[in-house]
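According to the UniProt record's numbering, the sequence shown holds residues 1 to 93 in order.
Please read the structure below before turning to the comments.
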Amino acid sequence: MYMKTLTSQDGADRLKVSIDGRQLDMEQLFFVLYAVGLCDNPNRDAWVRKLNFGEIPGRLRINIPLMNFAKFSAAFSCAKGMPMNPVRKCTIW
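Shown next, in the form of structure tokens:
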């Protein structure tokens with residue numbers, strides 16, 4: 001839905017945002033904000049507690065879907081075969 005709205009806005013595909021000195025286009029910003037929304041405590045003990053309670057840690061909730069999503073790999077120009085663009089993908093949607 002976000003991408004449909006974005007592509008319907010005249011000139012939105014040319015907008016850039018600077019975060020920590022890195023220029024991001026709107027598609028990249030979408031993925032960054034998705035990740036920020038799922039971030040959690042990076043503390044190892046917290047990570048183990050989450051696993052023990054059946055929760056998936058944020059790092060995995062973020063990286064696993066994105067590494068299997070071709071639009072993410074294209075948006076960030078991830079080289080084929082790299083961790084965030086594996087050769088074999090599990091297509092979910």
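In this text, a Cβ means the ideal position worked out from N, Cα and C, and glycines have one as well.
The structure displayed is predicted, hence computed values, not measured ones.
In the displayed model, LEU15 falls within coil according to three-state DSSP, outside both helix and strand. Taken through DSSP and simplified to helix, strand or coil, ASN63 comes out as helix. Between VAL48 and ASN63, the alpha-carbon positions lie close to 18 angstroms from each other.
For the pair ALA79 and GLU27, the CB atoms are not nearer than the 9 angstroms cut-off. Partner residues in the beta bridge of GLN23, as assigned by DSSP, are SER18. The residues LYS16, in chain order, have a CB closer than 7 angstroms to that of GLN23 in the same chain once the five nearest residues on each side in sequence are set aside. As DSSP reads the structure, ASN52 sits in no beta bridge. Residue range 70-75 is occupied by the alpha helix (DSSP H) that includes PHE72. In the DSSP assignment, MET82 is bridged to ASN85.
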